[in-house]
Structure formats: C-alpha cells, structure tokens
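Engineer: Heads up: the sequence shown is residues 5 to 357, going by the working numbering. Structure incoming, see below.
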Amino acid sequence: MGSKKSLRTRVVATAESTLAKNHYVTPIDVLLGLRWLHSTNVDRWRQGRGFSLENVIEVDRTKVAEAMDIFLNWARHEGLEPSETEYLARSRGHIVLKFTDDDDATMELLYRIHWVSPSLPESERKEAEVAAKKPADLLVISPLKEFTCEQCGGTGAFLIMEGPGPLCMDCADMSHLVFLPAGNAALTRRSKKLSHLWAVVVRYSRSRKRYERQGLLVEEAALEEAEAQCLADDEVRARRRERDAARREIEDDQLRDAIANEILLLFPGCPKDRAEAIARHTATRGSGRVGRTADARALEARPIELAVGASVRHRDTDYDTLVMSGMDRHEARAQVGSDVTHILEEWRQGPVS
Ligand SMILES: [Zn+2]
5 MGSKKSLRTR VVATAESTLA KNHYVTPIDV LLGLRWLHST NVDRWRQGRG FSLENVIEVD
65 RTKVAEAMDI FLNWARHEGL EPSETEYLAR SRGHIVLKFT DDDDATMELL YRIHWVSPSL
125 PESERKEAEV AAKKPADLLV ISPLKEFTCE QCGGTGAFLI MEGPGPLCMD CADMSHLVFL
185 PAGNAALTRR SKKLSHLWAV VVRYSRSRKR YERQGLLVEE AALEEAEAQC LADDEVRARR
245 RERDAARREI EDDQLRDAIA NEILLLFPGC PKDRAEAIAR HTATRGSGRV GRTADARALE
305 ARPIELAVGA SVRHRDTDYD TLVMSGMDRH EARAQVGSDV THILEEWRQG PVS
C-alpha cells in the first residue's frame with residue numbers, strides 16, 4: 005500500500021508538471037518523469053532502430069501497467085481530452101514506431117494517446133500537435149571501440165546507425181560537420197540555430213549503462229558565426245584558439261593548393277574561394293580519402309568530383325533542410341539530384357563571361 009501510494013504521488017506530480025509546461029501529457033512524459041525511461045533511449049527509439057520502446061523501459065510491464073492506470077485515472081479526473089498521435093521514425097522513410105514487442109493493441113493505443121488540456125486554445129493545440137510529430141533529433145554515436153563502416157570499410161571518430169550496420173560520417177553525408185562539445189549553453193543554442201543540419205552526439209557510459217550526450221555536430225560556418233556572436237566569452241575565445249591550432253597542425257598547405265588547382269581545372273566555373281574551402285576541408289578532414297590517401301601530384305578526378313558534389317548538395321540545395329525535417333537521406337538525395345547535376349554542369353563549362 006505504502007509503495008502504491010508513493011507511485012501515485014510520483015505519477016501525478018510528473019503529469020502535473022508536464023501539463024503545466026506543455027498543456028498536454030503523454031505516457032512517455034510520465035515514464036521519463038519516473039526515470040523508468042532515459043531520454044537518450046527515447047531518441048534512439050525515435051530513430052527507428054528496430055526495437056520497441058518496451059525494450060528500453062527499465063521496469064517490467066506490470067509496473068508500467070500500474071503507473072499507466074494511475075495516469076489514465078488522473079487524466080480523466082482532470083478532464084483532459086485524448087488525442088491519438090502517430091509516432092513516426094526519424095529515419096528510414098517514416099515507419100510507424102512500435103511501443104510493445106508483441107503488438108499489444110490496447111497498450112499500443114494507450115501509449116499513442118496524448119492527453120490535452122481543454123483550456124488550450126485551438127491554435128495552440130495545433131501547434132502542440134505539430135511539435136509532437138516533429139522528428140526526433142539526428143543521433144550520432146561516439147563509439148567506445150573502433151568500428152568498421154558497413155558501406156566503405158573505413159572508420160572515424162563518429163558513426164551513425166542506419167540499416168544493417170554503422171556508417172562513417174563520409175558515407176552518411178555528414179563529414180562536413182564539426183564537433184562542438186557540450187558545456188556552453190549559449191554557444192550550443194546559437195550553433196544549432198545557425199546550422200541547417202545538426203546532430204546530437206552520444207556516448208555509452210559503461211558505469212551508468214546508458215547513452216549520454218556529449219555535444220553536437222554542427223556546420224563549421226555555423227559554429228564560426230556562433231563563436232563570433234559569443235566572442236565576449238573567454239571560454240569561447242580559448243576554445244577557438246585551440247581549434248585553430250589543431251587545424252593548422254593537420255593542414256597540409258601543398259596538398260590543399262594542389263586539390264584547389266585540380267578542382268578549378270575540372271570545374272573552371274567554381275568560385276575560387278569555394279574551391280579553396282572544399283580543398284581545405286578535403287585535405288584536413290580526419291579520415292579523408294581524397295586528400296590523405298592520394299598523392300598530391302597524382303590526384304584522381306573521381307574523389308574530387310565527389311567532394312565538389314557533396315559541397316554543392318550541402319550548400320546550394322535544400323538537402324540539409326530536407327534531412328533535418330525527417331526525410332530519409334536517400335530520398336532527399338534523389339530529390340536534389342538534378343539541382344546538383346545542373347550546378348556541376350555549369351561549373352564544368354567555365355565562368356560566365
Ligand atoms: Zn563509410
């Protein structure tokens with residue numbers, strides 16, 4: 005009885021505070037509030053990684069059913085209105101996410117229902133629905149051990165789980181992003197806002213047995229702009245100096261110039277500063293296949309064309325915005341394909357005179 009009463013108190017407290025903040029409450033909010041579910045695991049589930057939510061709930065189903073019962077009684081007593089909401093996966097073509105292993109129809113329905121405050125005006129209710137359907141954050145893992153990329157056999161500092169195995173940042177079309185460690189709230193908020201595409205970096209903690217947030221991957225230009233906005237901050241200035249020093253250390257000027265020249269030979273219409281930026285990125289990036297492996301005097305055309313194509317896709321098309329809105333990467337790539345081809349063709353033909 006005692007423990008039941010305390011569970012009731014905890015369920016109601018978490019439901020009330022969520023309702024006060026969002027004007028609606030979901031079973032997932034309650035499980036998070038009870039600490040039976042960890043937010044990084046909810047993020048992983050929302051990626052569409054193939055497991056049901058039950059797999060990452062840290063108590064058994066009887067306990068969940070008990071809490072759900074208390075929650076439903078409370079919601080009805082408060083006069084909240086049920087609103088059935090579809091949960092769609094972040095990746096892999098928007099598949100509908102599963103809550104239970106055995107497709108228990110009643111439980112699936114109970115989990116999907118959002119309980120909405122009747123005092124919420126219609127317009128705000130619409131907003132809340134849109135927010136609820138917003139895709140989960142893109143999640144990148146900083147692995148504890150070296151991994152092998154499913155697609156290219158390479159490796160790197162970060163991986164993304166997609167399909168059968170891990171993908172490196174090159175194969176996931178994310179190698180243009182840079183790591184921003186957590187810790188500076190203002191810098192993080194600004195970088196996120198300025199970056200068309202960003203991802204949350206998590207790492208598994210063996211002692212806590214869960215994934216923990218490490219920081220973000222953001223566009224380098226967004227990070228630089230955010231740093232400029234935060235430059236009054238000593239910590240940001242120090243971090244920027246460190247980053248510049250690290251970059252100088254791995255930068256190979258000769259190789260960079262050779263790549264820039266090659267880009268301009270293949271694509272005479274490519275703006276010079278753009279060719280230089282692509283060359284710098286290609287020559288310095290950690291796992292870089294073009295720069296690091298190729299001899300500067302015998303650069304192959306194909307990897308350079310790929311690097312230029314990737315740059316056009318990220319900077320001159322809606323690709324990043326589409327991926328950020330939850331579209332499958334392959335679908336987004338197909339959608340912007342003709343725009344990329346068109347720009348590359350123009351650059352091949354030379355500068356407009
Ligand atoms: Zn790869």
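From the three backbone atoms N, C-alpha and C, an ideal C-beta is built for every residue, glycine too. What you are looking at is a predicted structure, and each value in this text was computed from that prediction instead of being measured.
May I have the straight-line CA-CA distance separating Leu-36 from His-42, to the nearest angstrom?
Structural biologist: Numbered from 1 along the sequence shown, position 32 holds the residue referred to as residue 36. Numbered from 1 along the sequence shown, position 38 holds the residue referred to as residue 42. Taking the CA atoms as reference points, Leu-36 sits about 6 Å from His-42.
Engineer: Compare the Cα-Cα distances from Arg-65 to each of Ser-199, Glu-266, Thr-286, Asp-106 and report the closest residue.
Structural biologist: Numbered from 1 along the sequence shown, position 61 holds the residue referred to as residue 65. Of the candidates Ser-199, Glu-266, Thr-286, Asp-106, the one whose C-alpha sits nearest the C-alpha of Arg-65 is Asp-106.
Engineer: According to DSSP, simplified to helix, strand and coil, what is His-337?
Structural biologist: Translated into the one-based positions of the sequence shown, residue 337 becomes position 333. Correcting the residue type first, residue 337 is Arg in the shown sequence and not His. In this structure, Arg-337 counts as helix in the three-state DSSP scheme.
Engineer: From the DSSP output, in three-state form, read off Pro-147 for me.
Structural biologist: The residue labelled residue 147 in the question sits at position 143 within the sequence shown. Correct three-state label for Pro-147: coil.
Engineer: Is it true that the CB of Tyr-208 sits closer than 8 Å to the CB of Thr-120?
Structural biologist: As a first step, residue 120 must be located in the sequence shown, where it is residue number 116. As a first step, residue 208 must be located in the sequence shown, where it is residue number 204. The identity of residue 120 in the sequence shown is Val, whereas the question assumes Thr. The answer is no: Cβ separation not under 8 Å.
Engineer: Between the beta-carbon of Glu-223 and the beta-carbon of His-180, is there less than 8 Å?
Structural biologist: Taking the sequence shown and counting its residues from 1, the one referred to as residue 223 is at position 219. Taking the sequence shown and counting its residues from 1, the one referred to as residue 180 is at position 176. Their beta carbons are under 8 Å apart, which means Glu-223 touches His-180 by this criterion.
Engineer: Name all residues in chain order for which at least one heavy atom of ligand 1 lies closer than 6 Å to the residue's CB.
Structural biologist: The set of residues with a C-beta under 6 Å from any non-hydrogen atom of ligand 1 comprises Cys-153, Gln-155, Cys-156, Gly-158, Leu-171, Cys-172, Asp-174, Cys-175, given in chain order.
Engineer: Using the rule of at least 16 other Cβ atoms within 10 Å of the residue's Cβ for burial, across every protein chain shown, is Arg-284 buried or exposed?
Structural biologist: As a position in the sequence shown, residue 284 is number 280, starting the count at 1. It is buried - the Cβ of Arg-284 has at least 16 other Cβ atoms within 10 Å.
Engineer: Pick from Val-316, Asp-238, Gln-155, Val-205: whose alpha carbon is nearest that of Val-144?
Structural biologist: Sequence index remark: in the sequence shown, residue 144 carries index 140 (1-based). Comparing Cα positions, the closest option is Val-205.
Engineer: Provide the residue(s) that pair with Phe-183 in DSSP beta bridges, ordered along the chain.
Structural biologist: Along the sequence shown, read from residue 1 onward, the residue named residue 183 stands at position 179. Answer is Leu-221.
Engineer: From Arg-337 to Ala-236, what does the alpha carbon distance come to, in whole angstroms?
Structural biologist: For the purposes of this step, residue 337 is taken as the residue at position 333 of the sequence shown. For the purposes of this step, residue 236 is taken as the residue at position 232 of the sequence shown. Taking the straight line from one Cα to the other gives about 39 Å.
Engineer: Out of curiosity, what's the CA-to-CA distance linking Asp-174 and Val-60?
Structural biologist: Indexing the sequence shown from 1 puts residue 174 at position 170. Indexing the sequence shown from 1 puts residue 60 at position 56. Spanning the two alpha carbons is a distance of roughly 30 Å.
Engineer: Cα separation between Lys-130 and Ala-24?
Structural biologist: Within the sequence shown, the letter at position 126 stands for residue 130. Within the sequence shown, the letter at position 20 stands for residue 24. Their Cα atoms are separated by approximately 17 Å.
Engineer: With H, G and I counted as helix, E and B as strand and the rest as coil, what does DSSP make of Pro-31?
Structural biologist: Here residue 31 corresponds to residue number 27 of the sequence shown, with the count starting at 1. Residue state, collapsed to three classes: helix.
Engineer: Would you mind stating whether Met-328 and His-200 have Cβ atoms separated by less than 8 Å?
Structural biologist: As a working note, residue 328 is residue 324 in the sequence shown. As a working note, residue 200 is residue 196 in the sequence shown. For Met-328 and His-200, yes; Cβs fall inside 8 Å.
Engineer: Does the beta-carbon of Cys-156 have 16 or more other beta-carbons within 10 angstroms, so that it is buried, or is it exposed?
Structural biologist: Position 152 of the sequence shown, counted from the first residue, corresponds to residue 156. Exposed, because fewer than 16 other Cβ atoms sit within 10 Å of the Cβ of Cys-156.
Engineer: May I ask you to list the residues that DSSP assigns as paired with Arg-214?
Structural biologist: Within the sequence shown, numbered from 1, the residue matching residue 214 stands at position 210. Looking at the DSSP assignment, Arg-214 forms a beta bridge with Ser-209.
Engineer: Between Gly-158 and Gly-273, which are expected to be in contact by the criterion C-beta below 8 Å, what is the C-beta distance as a whole number of angstroms?
Structural biologist: Mapped onto the sequence shown, residue 158 falls at position 154. Mapped onto the sequence shown, residue 273 falls at position 269. 31 Å between Cβ atoms; not a contact.
Engineer: Give me whichever residues DSSP pairs with Val-68 in a beta bridge.
Structural biologist: In the sequence shown, counting from the first residue as 1, residue 68 sits at position 64. None; Val-68 has no bridge partner.
Engineer: Should Leu-38 be labelled buried (16 or more other beta-carbon atoms within 10 Å of its own) or exposed?
Structural biologist: For the purposes of this step, residue 38 is identified with residue 34 of the sequence shown, where counting begins at 1. Buried: at least 16 other Cβ atoms inside 10 Å.
Engineer: Using a threshold of 8 Å, state whether the C-beta atoms of Pro-31 and Tyr-91 are closer than that.
Structural biologist: Reading the sequence shown from its first residue, position 27 is the one you call residue 31. Reading the sequence shown from its first residue, position 87 is the one you call residue 91. Their beta carbons are not under 8 Å apart, which means Pro-31 does not touch Tyr-91 by this criterion.
Engineer: Distance check for Glu-133 and Asp-324, CA to CA, integer angstroms please.
Structural biologist: In the sequence shown, residue 324 corresponds to position 320, counting from 1. In the sequence shown, residue 133 corresponds to position 129, counting from 1. Rounded to the nearest angstrom, the two C-alpha atoms are 24 Å apart.
Engineer: Apply the 10 Å Cβ neighbour rule to Thr-13 and answer buried if 16 or more other Cβ atoms are within range, or exposed otherwise.
Structural biologist: Residue mapping note: residue 13 aligns to position 9 of the sequence shown, counting from 1. Label assigned to Thr-13: exposed.
Engineer: DSSP three-state label for Trp-202, please.
Structural biologist: To locate residue 202, count along the sequence shown from 1; it is residue 198. DSSP places Trp-202 in coil when its eight states are reduced to three.
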